[in-house]
Structures are given as C-alpha cells and as structure tokens.
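Spelled out as structure tokens, the structure:
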C-alpha cells in the first residue's frame, strides 16, 4: 500500500508537495506538526488546534510512557481516545528525551536504562518495547529507538551510535512486522551520523534499504551551525528514496522550514512556537517580535495583520501585552495559538507555491522580509 | 428609566427572578458574574466565556487602574473595546482591594492613599476619582468607593467606616450625576456595617434613601460564620427597596448562591470557581471534588455527568487528572471552564425554579445532594 503520494516536484529546488494517507485522515505535505508532549498542546485546547486546521500532531513517547503510562493508555484503547483527538498522531521514540532529559542513563546493545524525569525511578527502553508502547498508543506514525549524540562529538562515538541505531532499527522493524500485520501504524527509519558526511551517507543508505514507509533525519538542530545542518540534510536526502516521506525532527523556525522544504523535507515538528508563545515571542512576516516591547503599549494592531487566527482576529497587541505583563495565562494561550497558526499558514503557502511552480520566489520573498528584523528576542 | 424588572417573587421565600436591562444587553437574574480581574477571566479566552453563555462579567477597578491604567483604557475608548468584550461589565470600586492587597494605605475623609501591588508606587483614590475611572472604563454597572472592615472588629471602628462609606457614596452620586447625564453607566450603593445589626440597618436605610439604580452588600464573606452572613443579608434585604437589584459582593459557592437567592439577592460574583479550577477542584452536584483523587485514575466519566460544557462534553476525569499532574495549563483551562459552566447552569436552574414556583424544592434537593460529599478539598 502506498502511504505517500508525491504530487509535485519543483524544477528549481528539491521542494516537494505530497499527500500522507494516514489512518486518521490525509495530511497534505509539506507539513508542520505541533508538539503535544504529554497529550495536549501546551496552553491550548484541542478545539483551538482543530480551529487552526492541524490534522497531524506529535506526542512524546518518553513523557507518555512515564505518565500517564501504558496501563491508563491501554484502558482507553490508545492515545487518540484518551485525549479525544480523532486526527493523526505521530510519536517519537523517546530516544532523544532519554539522552537530553534523564539525569541517569546506561546504554547497552540491548537498549537503554534511564531515570524518570517525573520521579527518578529506573526504566528500560529497547527497540522492541518502544514499538510495543507506540502500538499501545495507537500512533499513526511511529519512530524506532535511536541513539542520539550531541554535536560536536568524536567521530568514533558518532559512528558507534549510528551503527547501534541501525541495528536497533532492524529489531524495531521485526517487532513492527510481527505486531502490526495491517501496517496501519507506520514505522519510519531514523538516519543518524552526527555532523560526519560519510556516516550520514552510510546511515541513509542502510536505512533506505530497509524499505520502510518513511524516513526521519535525527540528531540535527541540536546546536550545530545552520550550514552543517543544511549540508547534512542535502547529503541524506540525495540518498533517501524519492517516493517516501522525509521528516526532519525537531525543526520549526520559519527560516528553517523554508530551507528544509527547499532540500526535500516533507515533515517537521518543534516545540518552539508554543514555548516562544509562553515567553511572549510571536511570529510576524518581518521576523519574531516580543510582546513585551514598549512600542506596543497603545498598539491597535493584531500580532500579525495578515493572520486570521483567533488571537489576531479579536485582540490588539496592546491588550495581549497587558495580559502578558499581568502574567495572565490567557496571554500564553493567545500567543501560542497565533504562532501555531502562523506556521500552519506558512506551510499552506509553501505547498501552494510548490504546486504553482513558484516556491523559490515565495521562499526568497518571505526570507527577505523575515530577515529584515533587527529585534532581539531571546 | 427602569433598569430592573422584577418578574417573579417566590411566595415561600424571598427568592426573585428579574431582568437587568443594561447598555450591552439584558441580563437575567439571579446571576453569577465571573471575575475578570485584569481584563480576562483567568486561564480562559473570551470565546470560552461566551460559549458558556455569560453576558455580564466583573472587572477589578484596583487592578485595571494600576495596569493597564487610564491612559491605555482611554486610548481604546473604554474597557469593552480594549478587551473586545461586547457584553456587560460590572466594576467594583477598588475599595476592597485597597484594604486587602496593598501593603500600605492611609485613609482620611478625603479618600485613601495606597501602595500599588504592581510596583509599590503610591496612589490616591477618592469617591470622585473612582467614579471618573469607572466612567473611563465605561462600566455598565459601577461601584462607589467604600471602606471595608474585617470581621471581627470593634463596633466603633465598624461604625466609623460605615458612616464614611455613606458620606463617600453621596460624593460618588454627585460626581456620577454630573458626569454621566444619560445614566447609562449605573451606580449602585454599597451597604456596610460589619456584623452589627443596627449598623447594617442604618446603612441599608440611608443608602436606600439615595435612590440609586441598585444596591450592593459589601463586607461579607470575609471569614465570618455563615449564620452571621445570612442574618446580615436578611436584615439588609428587609430594608432595601424591592424594585431595585441587590448584589452580594464576593460570594460564589453553590450553597451560598442558593441561600443568598432565598434571601432576595439577585447578583453575585466570586473568584472562587476559577481559582479552585486552577487548583484542580471542581463542582459536582455531590459537592466539590479534587481532580488529584486517585480514584479518577481510570475514570471514563466527565467531571460532571450532567454538564454540557466543553470540558465535560469532550474529556474524561482520567485525562484531565493526567494533565493536571503533568502541570499542563490546559488542565486549569478545562476545569475553570467547567466550574464557570456549573455555576451558570445552577443560576439558570435557580431562575427557572423561581419562575415555576418550585425554588425552595430545587434548593433543598440541590443542597441535600451537594452536602453529601465528605471529600475534603482544601
């Protein structure tokens, strides 16, 4: 069965438009997925996420495994039912969080023992248990357990982690094929290899050979410079099969979405828009701005004049600035809604431009405006 | 002009049903008003408040005066426009907050000097400036500056504060008559007198004689026992004119709403439903419950089976408990929505029962269920 339909390829770049046909509906690509770590998009309700128009969101296996845990998820026959979200869910493998959040971890060929960020208790993830838990979640798209390494790191360590990720992927695939005969819960492979070209090439080649429904690029956007990130994406995407979807994990700034799409990426996720929203930073076509800015004291304008989200249709910058200064939760909600709606619209516009053969023009126009901003946010 | 239409009086108690005809629409009474201290109901959007069905909310003069302040409110031609709420707003006078929140205050016959809870700066409220600021806000119903005393306190202090409140009310009325010729921003009088029957009687009598659009009962629900509160309400309401609306300030627990209505109160406000919601406590017909309760771990039921709010129509106690444990803001939003919807429905049912001549039966039924609860919340 073909889960991905490639509708259009740009002649001038590697940008692609497609359709992901998933169990809970078709998702148009390129797509940005909001992150609902523990079973909600932070500071938002599911109604607000539906109103923006998202139909594919991300859940974090690490967090959901620790809390609420498989007993509760099982009781509710899966995550969709538990959180009452009838659209698509992609879950990560928990690998990245094991390496970035847990105080303690011990990795062996078998899997990884780690301490819980919730209560310090010890847990074990293996390629098999991570597939099992994601099948319990009922994820529409699942990720295999991988070993993430920071950038920069020594070549030999990156190589070892990349190889272990490949071995683990084979075990994950085996478990997936045995447990999910219908293959209605898709398994992607994750390409690793740190910042090393030959490791990325090898990983992309070996991962592709496993003939999975899609492929992720992991271990990027972890602090390396942008040139390194983009060149790794180019190397990997030159090897990944064209007819399968490609997911760049953890990337979600507007400029990176455009550069990723130009290099053939179809899917993105990032906590950035909601975290920035809770900190008072919002997207505009001229770059990110901070709602704390004194110049908005009397502003009668919405966060973004071109946006038709609930926050922009109804409220001024002056009002939202006031709420943020008064430490009102409502300010976090309104800015989070706007930031997500901004990325949704950006991805819709990117897709239209690809279908209309003018993506590169759209990208250049957007970036020339977006980069005008001199305002420092963080 | 008649701002209040008394539709029905119970034969068996002092319960009343009526209509408050305000500048931004008619509000049916008895009514509970959610508190939007700084210009939003905490953790909610205005859309969510509209969806519940409220058309009269409260804003706090003390908070709005300090932040955003009159310059911004003026720029937007009033609070309705600034916060984009096109329904009714009642504002308090700020008096209660001056006495309960400010680190420093000095009261004279002229008014009160107090320190800001925001930045410690010094400010001055007089009966006149408080009317001026509420006219700047464009409040549909305004309160006059009053002097609140804690319970218990000495008779002589309570008497002095009650008398000063009366003198201030006369000044407030004069300013209101001069500044608001159309009288489309209604001014209520506030009855004080602490826990002393003769002071309450005197205050009610003298306040009534000023022939204002409505009357508030202040200085109750500040820690005194319930019998004291109810007997003070009875004394005051036996004197206040029947044809004017009566507002019991700061009261919002279901049992108190019922007892207040039975004693002839038409309007209530309280931060309790939203504060409790942010703390994980929710209303049910069997009393308040805590979402932290282990017994809800696998609960497939909504917070309240009889409630049709967004939270109850869509989510289980198990899910909301999980979100609360994970410290998700969304949990606060969902429980706040439910608590407000619970009180809205309670007031609607109270009103229907008055119109149908069975309020006392409804009240007894509700309280016999509500008081069954043995669960400790706070």
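Chains as they are written, first to last, in the working numbering: chain A, 1003 to 1380; chain B, 1003 to 1380. Yeah, the Cβ is synthetic: ideal placement off N, Cα and C, and Gly gets one too. Values in this document were obtained by computation on a predicted structure and should not be read as measured data.
{"Check": "May I ask you to report which of helix, strand or coil DSSP gives residue 1045 of chain B?", "Outcome": "coil"}
{"Check": "Examine chain B for any beta-carbon lying closer than 8 Å to the beta-carbon of residue 1019 of chain A, and answer yes or no.", "Outcome": "no"}
{"Check": "Cβ-heavy atom distance between residue 1260 of chain B and the ligand PLP below 7 Å?", "Outcome": "Judged by which ligands are present, the structure shown has none, so any question about the ligand PLP falls away."}
{"Check": "Got a sec: is the Cβ-Cβ distance from residue 1325 of chain B to anything in chain A below 8 Å?", "Outcome": "yes"}
{"Check": "Starting from the Cα of residue 1387 of chain A, find the closest Cα among A/1368, A/1362, A/1353 and A/1339 and give me that residue.", "Outcome": "Residue 1387 of chain A lies beyond the residue range present for chain A, which begins at 1003 and ends at 1380; the question has no answer from this structure."}
{"Check": "Using the three-state DSSP reduction, which class does residue 1329 of chain B fall into: helix, strand or coil?", "Outcome": "coil"}
{"Check": "Going by CA-CA distance only, name the one from B/1129, B/1347 and B/1329 that's closest to residue 1111 of chain B.", "Outcome": "B/1129"}
{"Check": "By the 9 Å beta-carbon criterion, what residues does the region 1334-1347 of chain A contribute toward chain B?", "Outcome": "1334, 1335, 1336 and 1339"}
{"Check": "Which complete alpha helix (DSSP H) runs does the region 1152-1223 of chain A hold, if anything under 4 residues is left out?", "Outcome": "1157-1181 and 1199-1210"}
{"Check": "So with CB distances below 9 Å, who are the chain A contacts of residue 1070 of chain B?", "Outcome": "1299, 1320, 1321, 1323, 1324, 1327 and 1328"}
{"Check": "I want to see whether chain B comes within less than 8 Å of residue 1046 of chain A, judged by CB atoms only; does it?", "Outcome": "yes"}
{"Check": "From the beta carbon of residue 1049 of chain A, is the nearest beta carbon of chain B less than 8 Å away?", "Outcome": "yes"}
{"Check": "Which residue wins for smallest C-alpha separation from residue 1135 of chain B, given the options B/1315, B/1237, B/1073 and B/1030?", "Outcome": "B/1073"}
{"Check": "Are residue 1293 of chain A and residue 1255 of chain A touching if we call contact CB-CB under 8 Å?", "Outcome": "no"}
{"Check": "Put residue 1119 of chain B into one of helix, strand or coil per three-state DSSP.", "Outcome": "coil"}
{"Check": "Near residue 1204 of chain B, what residues of its chain come up, given a Cβ to Cβ distance below 8 Å and the 5 sequence neighbours on each side ignored?", "Outcome": "1164 and 1195"}
{"Check": "Among the candidates A/1228, A/1094 and A/1131, whose CA atom is the shortest distance from the CA of residue 1178 of chain A?", "Outcome": "A/1131"}
{"Check": "For residue 1025 of chain B, which of B/1018, B/1220, B/1038 and B/1004 has the nearest alpha-carbon?", "Outcome": "B/1004"}
{"Check": "In chain order, what residues of the same chain lie with their CB nearer than 6 Å to the CB of residue 1286 of chain A, ignoring the 5 residues before and after it?", "Outcome": "1306"}
{"Check": "In the DSSP output, which residue or residues are listed as bridge partners for residue 1109 of chain A?", "Outcome": "A/1114"}
{"Check": "Going by DSSP, name the residue or residues bridged to residue 1271 of chain B.", "Outcome": "B/1035"}
{"Check": "Measure from the C-beta of residue 1317 of chain A to each C-beta in chain B and report whether the shortest distance is under 8 Å.", "Outcome": "yes"}
{"Check": "Under 8 Å between C-beta atoms, does residue 1331 of chain A make it to chain B?", "Outcome": "yes"}
{"Check": "Going along chain A in order, which residues have a C-beta closer than 8 Å to the C-beta of residue 1381 of chain B?", "Outcome": "Residue numbering for chain B in the displayed model covers 1003 to 1380; residue 1381 of chain B lies beyond these limits and cannot be assessed."}
{"Check": "Nearest-angstrom Cα distance between residue 1378 of chain B and residue 1148 of chain B?", "Outcome": "Low per-residue confidence applies at residue 1378 of chain B: pLDDT is 48, beneath 50, and the placement is therefore not dependable, though the value from the model is reported in the following sentence. Approximately 35 Å, taken between the alpha carbons."}
{"Check": "Where are the alpha helix (DSSP H) runs, 4 residues long or more, that stay fully inside the region 1240-1291 of chain B, in chain order?", "Outcome": "1256-1264 and 1274-1280"}
{"Check": "From the DSSP output, read off the bridge partner residues of residue 1061 of chain A.", "Outcome": "A/1093"}
{"Check": "Quick check on the burial criterion: 16 or more other C-beta atoms within 10 angstroms. Buried or exposed for residue 1047 of chain A?", "Outcome": "buried"}
{"Check": "Using only the alpha-carbon positions, how far apart do residue 1380 of chain B and residue 1373 of chain B sit?", "Outcome": "A caution first: residue 1380 of chain B carries a pLDDT of 44, below 50, which makes its placement in the model too unreliable to give a value."}
{"Check": "Listed from N- to C-terminal order along the chain, which residues in the region 1204-1222 of chain A have their beta-carbon within a distance smaller than 8 Å of any beta-carbon of chain B?", "Outcome": "none"}
{"Check": "Could you tell me the alpha carbon to alpha carbon distance between residue 1021 of chain A and residue 1281 of chain A, rounded to whole angstroms?", "Outcome": "34 Å"}
{"Check": "Do we get a CB-CB distance below 8 Å when we pair residue 1042 of chain B with the residues of chain A?", "Outcome": "yes"}
{"Check": "Using a threshold of 8 Å, state whether the C-beta atoms of residue 1241 of chain B and residue 1264 of chain B are closer than that.", "Outcome": "no"}
{"Check": "Return helix, strand or coil for residue 1040 of chain A, following the three-state DSSP convention.", "Outcome": "coil"}
{"Check": "For residue 1340 of chain B, which of helix, strand or coil comes out of DSSP?", "Outcome": "helix"}
{"Check": "Buried or exposed: where does residue 1244 of chain B fall if 16 or more other Cβ atoms within 10 Å of its Cβ makes it buried?", "Outcome": "exposed"}
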